[in-house]
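Below is one structure, written out as structure tokens, with a few remarks after it.
2 protein chains.
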Amino acid sequence: MAVYTEVSDDELSTFVERFSIGALLSYKGIAEGVENSNYIIQTEQGPFILTLYEKRVNEADLPFFLNLLEHLSEREITCPVPLKDDKGQALGTLAGRPAAIFTFLSGMWPRKIKPVHCGELGRALAELHVAGRDFPMKRANDLGVMDWRGLLNQCLEHADDVQVGLGEKLSAELDYLEPRWPIGLPKGIIHADAFPDNVFFRGEKCSGLIDFYFACHDIFAYDLAICMNAWCFEKDGDFNVTKARLLLSNYRKVRDFSTEEVDALPMVARGAATRFLLTRLYDWVNTPKDALVKPKDPMEYFKILKFHQSVRSAAEYGLQ
Amino acid sequence: MAVYTEVSDDELSTFVERFSIGALLSYKGIAEGVENSNYIIQTEQGPFILTLYEKRVNEADLPFFLNLLEHLSEREITCPVPLKDDKGQALGTLAGRPAAIFTFLSGMWPRKIKPVHCGELGRALAELHVAGRDFPMKRANDLGVMDWRGLLNQCLEHADDVQVGLGEKLSAELDYLEPRWPIGLPKGIIHADAFPDNVFFRGEKCSGLIDFYFACHDIFAYDLAICMNAWCFEKDGDFNVTKARLLLSNYRKVRDFSTEEVDALPMVARGAATRFLLTRLYDWVNTPKDALVKPKDPMEYFKILKFHQSVRSAAEYGLQ
Numbered sequence: 001m002a003v004y005t006e007v008s009d010d011e012l013s014t015f016v017e018r019f020s021i022g023a024l025l026s027y028k029g030i031a032e033g034v035e036n037s038n039y040i041i042q043t044e045q046g047p048f049i050l051t052l053y054e055k056r057v058n059e060a061d062l063p064f065f066l067n068l069l070e071h072l073s074e075r076e077i078t079c080p081v082p083l084k085d086d087k088g089q090a091l092g093t094l095a096g097r098p099a100a101i102f103t104f105l106s107g108m109w110p111r112k113i114k115p116v117h118c119g120e121l122g123r124a125l126a127e128l129h130v131a132g133r134d135f136p137m138k139r140a141n142d143l144g145v146m147d148w149r150g151l152l153n154q155c156l157e158h159a160d161d162v163q164v165g166l167g168e169k170l171s172a173e174l175d176y177l178e179p180r181w182p183i184g185l186p187k188g189i190i191h192a193d194a195f196p197d198n199v200f201f202r203g204e205k206c207s208g209l210i211d212f213y214f215a216c217h218d219i220f221a222y223d224l225a226i227c228m229n230a231w232c233f234e235k236d237g238d239f240n241v242t243k244a245r246l247l248l249s250n251y252r253k254v255r256d257f258s259t260e261e262v263d264a265l266p267m268v269a270r271g272a273a274t275r276f277l278l279t280r281l282y283d284w285v286n287t288p289k290d291a292l293v294k295p296k297d298p299m300e301y302f303k304i305l306k307f308h309q310s311v312r313s314a315a316e317y318g319l320q
Numbered sequence: 001m002a003v004y005t006e007v008s009d010d011e012l013s014t015f016v017e018r019f020s021i022g023a024l025l026s027y028k029g030i031a032e033g034v035e036n037s038n039y040i041i042q043t044e045q046g047p048f049i050l051t052l053y054e055k056r057v058n059e060a061d062l063p064f065f066l067n068l069l070e071h072l073s074e075r076e077i078t079c080p081v082p083l084k085d086d087k088g089q090a091l092g093t094l095a096g097r098p099a100a101i102f103t104f105l106s107g108m109w110p111r112k113i114k115p116v117h118c119g120e121l122g123r124a125l126a127e128l129h130v131a132g133r134d135f136p137m138k139r140a141n142d143l144g145v146m147d148w149r150g151l152l153n154q155c156l157e158h159a160d161d162v163q164v165g166l167g168e169k170l171s172a173e174l175d176y177l178e179p180r181w182p183i184g185l186p187k188g189i190i191h192a193d194a195f196p197d198n199v200f201f202r203g204e205k206c207s208g209l210i211d212f213y214f215a216c217h218d219i220f221a222y223d224l225a226i227c228m229n230a231w232c233f234e235k236d237g238d239f240n241v242t243k244a245r246l247l248l249s250n251y252r253k254v255r256d257f258s259t260e261e262v263d264a265l266p267m268v269a270r271g272a273a274t275r276f277l278l279t280r281l282y283d284w285v286n287t288p289k290d291a292l293v294k295p296k297d298p299m300e301y302f303k304i305l306k307f308h309q310s311v312r313s314a315a316e317y318g319l320q
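Chains E and D supply the protein sequences, listed in that same order.
Going by the UniProt record's numbering, the first sequence opens with residue 1, and the numbers climb by one from there.
Going by the UniProt record's numbering, the second sequence opens with residue 1, and the numbers climb by one from there.
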């Protein structure tokens, strides 16, 4: 479950009064999510989302995230928009935590990924990249290529409990990636976590993106690679080139890739796989058995990494 | 968290179509609750609650619960009302589980109990007892006085790990209660689980009761005793007679007690404390450490039991 901080009814009623959304009628903690505590609140004006920021989110980053959502929504990207209180502030304090109220985004994340979802995602991701271009704030990717070695070192002792030889293989992968990681590719605001549960659909149409708390300034191709890894592999680990082709071809209808981006894609995809493999491994070896959130299987990403290691050119992703 | 069964977007959309509530816009699992999986669903007509019945609820009891809610709501008791599908059925199947959709009840359960809440509860509980009188279905209390010994026997081995001597004390309490348990007191439909998180308020007014999955046919005084135990003791275990007086006096404005009920109240309150002490003890010794739901402290109810053991007459509860 995702509710780490309990909010009292009196406190929340007082908090909600500062926003012009009518009286609070109800609030319920949402079971999904990992990083923060989220509640659906119903007021006289309908449903909203209340987020309490937990310790995993750096408070200093919150203005970046909230301003980014506002910026994107002004550019017709459908995403949760933080409300402003009677003093014009989006960020408040509730139950001792930074907190904000957001517009409610309708739509459902797809439990079973169809190719049409990947096509829609490609378009939405490119639109996000374009809309973020003139966003003035910067946030470095704190899970970028130069952070992976440190992550690995924190798991090395237990990595081989997950699979014999895993630590050594990851170490070799970093030896490969670090000196070769592409520089100079087109950069801008990326979502960096556009997994299926963060992308909403109504029917077959994408109705918006949520959960921008990994958003940062990094190369666009990396965001695309994260999506390819999260959306275009089947549960058995097989790569679905039909899905990838739709993701990439719909993306480039909105923002075309340079030749350099295409050439770098296999390398960037290895990096994207390594990043999620490492954070999952870290969570796997560091999560107590009685934690509220079950860690995800890191080995799913090991299979994805192995696939990309065998790729010789981006043509294998369905790019023409 | 309370979501044990994952529902897919496609499956749920199809399920919702059978009810005339517009298209499904969103659904999110609710973190609260223990017995069943609950989702807030938003449709074109607003919010509703979807419940998937998990194994702890006996499927054969579901018609009783659903019909009871309908019966009560027709008698102006505010509670969730099951919707009927296009074939007139409230109960369907979703993700392999019995499932139903309910009207959304606004209001919030009080995190900090004030005396005024107890007064409101007294009135609401009496109204429920009166409204249930002509409900034709019956359901025996499967956690009644004659079921407690069996529960205790299942925990005896580990009871003393919780507190030395606890098993023996509980055994002695059952020796006391079983032969003395009052018979012939006024009976009818009782809620049997009207804890604060099952009673909603808007401001200081009770806006409804939820979670009727322990409702059964038993003595009214037992329901009142459950409420007194759950609402009128402070966190440190102290009995708050102001709260109890309001609970009882507001109750009797709607349904007056007989002299027999008043005289039996200390005994019934011991029984009500014993019932929750035993089920909490059972959960405490049987819940695996990595369970989704943390068990509640049984010893909170041991303090309550000890208080009632020292009571000589119902006057100590504030009854005049």
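Don't be surprised by glycine CBs; every beta carbon is placed ideally from N, CA and C.
Not a single CB atom of chain D sits nearer than 7 Å to the CB of residue 124 (chain E).
The beta-carbon separation of residue 186 (chain E) and residue 219 (chain E), rounded to 7 Å, stays under the 8 Å limit for a contact. Rounded to the nearest whole angstrom, the C-alpha separation of residue 242 (chain E) and residue 9 (chain D) is 22 Å.
What residue 111 (chain E) touches in chain D, judged by beta-carbon distance under 7 Å, is 8 and 9, going in chain order.
DSSP, reduced to helix, strand and coil, places residue 229 (chain E) within a helical segment of the structure shown. With 16 or more other CB atoms across the displayed protein chains lying within 10 angstroms of its CB, residue 16 (chain E) is buried. Annotation: Cβ neighbours of residue 40 (chain D) in chain E (cutoff 7 Å, chain order): 28 and 40. For the region 94-109 of chain E, the set of residues with a beta-carbon nearer than 9 Å to any beta-carbon of chain D comprises 104, 105, 106, 107, 108 and 109, in chain order. One Cα belongs to residue 164 (chain D), the other to residue 240 (chain D), and the distance between them is close to 28 Å. For residue 47 (chain E), the chain D residues whose C-beta falls within less than 9 Å of its own C-beta are 26, 40, 42, 46 and 47, listed in chain order. Nearest neighbour of residue 210 (chain D) by Cα position, chosen from D:21, D:13, D:73 and D:55, turns out to be D:73. Linking residue 263 (chain D) to residue 248 (chain D) through their CA atoms gives a straight-line distance of about 14 Å. Residue pairing of residue 61 (chain D) in beta bridges, as defined by DSSP: absent, with no partner found. Taking a cut-off of 8 Å on C-beta distances, the region 33-51 of chain D does not touch the region 119-135 of chain E, as fewer than three cross pairs fall below it. Counting the other CB atoms within 10 Å of its CB gives residue 270 (chain D) a total of 16 or more, which places it among the buried residues. DSSP places residue 154 (chain E) in the uninterrupted alpha helix (DSSP H) bounded by 148-162. Membership of residue 122 (chain D) in the alpha helix (DSSP H) is indicated by the continuous run 115-131. Residue pairing of residue 199 (chain D) in beta bridges, as defined by DSSP: D:209. Rounded to whole angstroms, the gap between the alpha carbons of residue 287 (chain D) and residue 294 (chain D) is 8 Å.
Each residue's CA atom was taken as its position, placing residue 102 (chain E) and residue 150 (chain D) some 50 Å apart. When the beta-carbon positions are compared, residue 222 (chain D) and residue 268 (chain D) come within less than 7 Å of each other. Residue 42 (chain E) is bridged by DSSP to E:26 and E:47. Distances from the alpha-carbon of residue 142 (chain D) to those of D:90, D:275 and D:20 put D:275 closest. Where residue 312 (chain D) is concerned, there is no enclosing beta strand (DSSP E), because DSSP gives it neither an H nor an E.
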